[in-house]
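Asker: In the numbering used here, the protein residues as written are 17 to 445.
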C-alpha cells in the first residue's frame, strides 16, 4: 500500500512576549518623561527667588509681618519717589510726612533710612539706590510697619543715564510672589517691594527736556517774543538750547528740545510741548527764557522752581552760572533767601508758572488749574504719576547792556555753566 506524505505547517505563535515587552518599555518611558517634567516644574518653582536665591532661601529672608500699614498712592517727581498713606491731595499733609522710611535690601541685609518730607523732591531719591530687592518700612512711635498696597501693583521707572546706563526701578506689590506649587499664597498681603537693577532704557526714554520759550500760537497768534538790542527771544533761547543739548549729550544724557527754529509749537494740547515731554518720559524739564525792562539798569539771572519743591536744583544751576560767567543774580530772593532763586507764585493753590505746573504730573496738580488745562492737557497729565522736575531760567535782561554783552559774546559759556550746574545736582560732575 502506498502512502502519500502531506506537509501540514505548524500554527504561527503569537509573539505576545515581544508586545508585552514593548508595552512595558513604553510605560517606563512615559513615567520617566513625567518625572523629568515634574522635576523641571519643581526646580522652576524652587529657584524663583530674588537676588539669585532659590525660592526656599528667599522665603527664609522674606516673612509676613505682624505690623503693617497700607500705601494709597505712589507718585514720582523727577527721580524722587513719593509715597502717600491717604489718597493724594495737592498740598495736603499726609500721615507719612515727617516719618522715617527704611528700605531693607534682601540681597545683602543693608538698610537705608529716609525722612519723608512734604516737598515733592524730598522723599526717596531713586538714583542713589544700589541694585537689590528692597522691603519697605515706615517707622511710627518707635515701631516699624511693613508697607503694602490693597491691590496688586507693578510699575517700572528709569532714572536718568549715568555711566552709560540707567537704574531700572520696579515697584512690585503682589501677594502671589514666592508661593510654591499648589499653595494658595505665601504672602498674606500685597507687600511693597522695590527692585533695582541696571538696564539701559529704550530709545523712547529721554533724560532732559529743554523748552526754548516763544514761537507759539498759544493765544491764537504767532508769538515770537520781543526783540531788544538785536536779540529776539525766540531765536536766542533756541540757540541756547542747541548748545546745552550738545553739552548734555557729551555727558551721556539723552535730550529732547520741544521745538525747532522754524515751526511754532504750542504749549498745550496733543503734540504740544508738554505732550511731547510726557511722551518722551522726561525726568527734568528746563524752560529757557529772557526778560526785558523799561529800566536799562536792571539786570541779572533768576531761576524759578515749584512752590512745592525745594530750591536745590535751581540753586545748583544759578551758582554755576554766576560763578562761571559774568552774569549776576537778580536782587530777588524767595524763602530760601538765595538771591536769584524763587519759588513760583501760588495761584488758586497751584503753581502760577504754567510750564512748571503742567510738566509736574499729578503731584503738582497738572491738568486741573483751568478749563483749558483740563480740556487740552488733562488727558495725558492730570493722572500721570510721572512728574518732571522743572525750573524756569530767566537768563538776562535784554534791555541791559552788561547782560547783552555777556550773551552776545559768551553764549557758549552760559550754556556750559547751566549744564554744569544741572550735572552737579545729578551727581554726574
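Glycine included, every Cβ here is placed at the ideal spot set by N, Cα and C.
The structure displayed is predicted, hence computed values, not measured ones.
(1) Let me check understanding here. Comparing Cα to Cα, which of 113, 105 and 95 lies closest to residue 145?
(2) Would you say residue 302 and residue 224 are within 8 Å of each other, going by their C-beta atoms?
(3) Which complete beta strand (DSSP E) runs does the stretch 166 to 209 hold, if anything under 3 residues is left out?
(4) Can you tell me whether residue 327 is helix, strand or coil according to DSSP?
(5) For residue 171 and residue 186, I'd like the C-alpha separation in whole angstroms.
(6) Quick one: give me the first and last residue of the beta strand (DSSP E) that residue 396 is part of.
(7) If you reduce the DSSP assignment to three classes, tell me which class residue 436 lands in.
(8) Taking DSSP as the reference, what is the three-state secondary structure of residue 391?
(9) Determine the direct distance from the alpha carbon of residue 426 to that of residue 313, and round the result to whole angstroms.
(10) Between the alpha carbons of residue 89 and residue 192, how many angstroms are there, rounded?
(11) Threshold first: 3 residues or longer. Then list the beta strand (DSSP E) segments lying entirely within the stretch 205 to 238, N to C.
(12) Quick check on residue 120: does DSSP put it in helix, strand or coil?
(13) Which residues does DSSP list as the beta-bridge partners of residue 84?
(14) What are the boundary residues of the alpha helix (DSSP H) that residue 257 is part of?
(15) Going by C-alpha distance, which of 355, 331, 173 and 360 is nearest residue 441?
(16) Please report the residue range of the beta strand (DSSP E) in which residue 408 lies.
(17) Which one of 99, 435 and 69 has the shortest CA to CA distance from residue 271?
(18) Using only alpha-carbon positions, find the residue among 289, 120 and 195 that is nearest to residue 160.
(19) My assumption, with CB atoms under 8 Å, is that residue 407 sits in contact with residue 329. Please give the rounded CB distance.
(20) Select from 188, 220 and 315 the residue whose C-alpha is nearest the C-alpha of residue 297.
(21) Residues in the same chain with beta-carbon distance under 8 Å from residue 333, minus the five sequence neighbours each way, listed in chain order, please.
(22) So what does residue 340 bridge to, in DSSP terms?
Answerer: Looking at the atomic coordinates:
(1) Here residue 145 is taken as the residue at index 129 of the chain shown, counted from 1. Of the residues 113, 105 and 95, the one whose Cα lies closest to the Cα of residue 145 is 95.
(2) Taking the chain shown and counting its residues from 1, the one referred to as residue 302 is at position 286. Taking the chain shown and counting its residues from 1, the one referred to as residue 224 is at position 208. Contact: yes.
(3) Counting only runs of 3 or more, we get 169 to 174 and 183 to 189.
(4) Translated into positions along the chain shown, residue 327 becomes position 311. Taken through DSSP and simplified to helix, strand or coil, residue 327 comes out as coil.
(5) Here residue 171 is taken as the residue at index 155 of the chain shown, counted from 1. Here residue 186 is taken as the residue at index 170 of the chain shown, counted from 1. For residue 171 and residue 186, the distance between alpha carbons rounds to 6 Å.
(6) Here residue 396 corresponds to residue number 380 of the chain shown, with the count starting at 1. Counting along the chain, residue 396 falls outside any beta strand (DSSP E), though it belongs to the alpha helix (DSSP H) covering 394 to 397.
(7) As a first step, residue 436 is located in the chain shown; it is residue number 420 there, counting from the start. Of the three classes helix, strand and coil, the one that applies to residue 436 here is helix, per DSSP.
(8) Numbered from its first residue, the chain shown carries residue 391 at position 375. Correct three-state label for residue 391: helix.
(9) Translated into positions along the chain shown, residue 313 becomes position 297. Translated into positions along the chain shown, residue 426 becomes position 410. For residue 313 and residue 426, the distance between alpha carbons rounds to 20 Å.
(10) Position 73 of the chain shown holds residue 89. Position 176 of the chain shown holds residue 192. Each residue's alpha carbon lies about 21 Å from the other.
(11) Here the runs fully enclosed are 206 to 214 and 224 to 228.
(12) Against the chain shown, residue 120 aligns to sequence position 104. Under the three-state reduction of DSSP output, residue 120 falls in the strand class.
(13) Counted from its first residue, the chain shown places residue 84 at position 68. According to DSSP, residue 84 bridges with 162.
(14) One-based indexing of the chain shown puts residue 257 at position 241. Looking at the DSSP string, the run of the alpha helix (DSSP H) that includes residue 257 is 249 to 266.
(15) To locate residue 441, count along the chain shown from 1; it is residue 425. From the listed residues 355, 331, 173 and 360, the smallest Cα separation to residue 441 is found for 331.
(16) The residue you call residue 408 lines up with position 392 of the chain shown. Per DSSP, residue 408 belongs to the beta strand (DSSP E) from 405 to 413.
(17) Counting from one through the chain shown, the residue named residue 271 turns up at place 255. Comparing alpha-carbon positions, the option among 99, 435 and 69 lying closest to residue 271 turns out to be 435.
(18) Mapped onto the chain shown, residue 160 falls at position 144. With distances taken between CA atoms, residue 160 lies nearest to 120 out of 289, 120 and 195.
(19) As a first step, residue 407 must be located in the chain shown, where it is residue number 391. As a first step, residue 329 must be located in the chain shown, where it is residue number 313. The C-beta separation of residue 407 from residue 329 comes to about 6 Å, placing the pair in contact by the 8 Å criterion.
(20) For the purposes of this step, residue 297 is taken as the residue at position 281 of the chain shown. Of the listed residues, the one whose Cα sits closest to residue 297 is 220.
(21) Taking the first residue of the chain shown as 1, we reach residue 333 at position 317. Beyond the five residues adjoining it in sequence on each side, residue 333 comes within less than 8 Å, by CB distance, of 319, 407, 409, 434, 437, 438 and 441 in the same chain, given in chain order.
(22) Taking the chain shown and counting its residues from 1, one reaches residue 340 at position 324. Residue 340 pairs with nothing; no bridge assigned.
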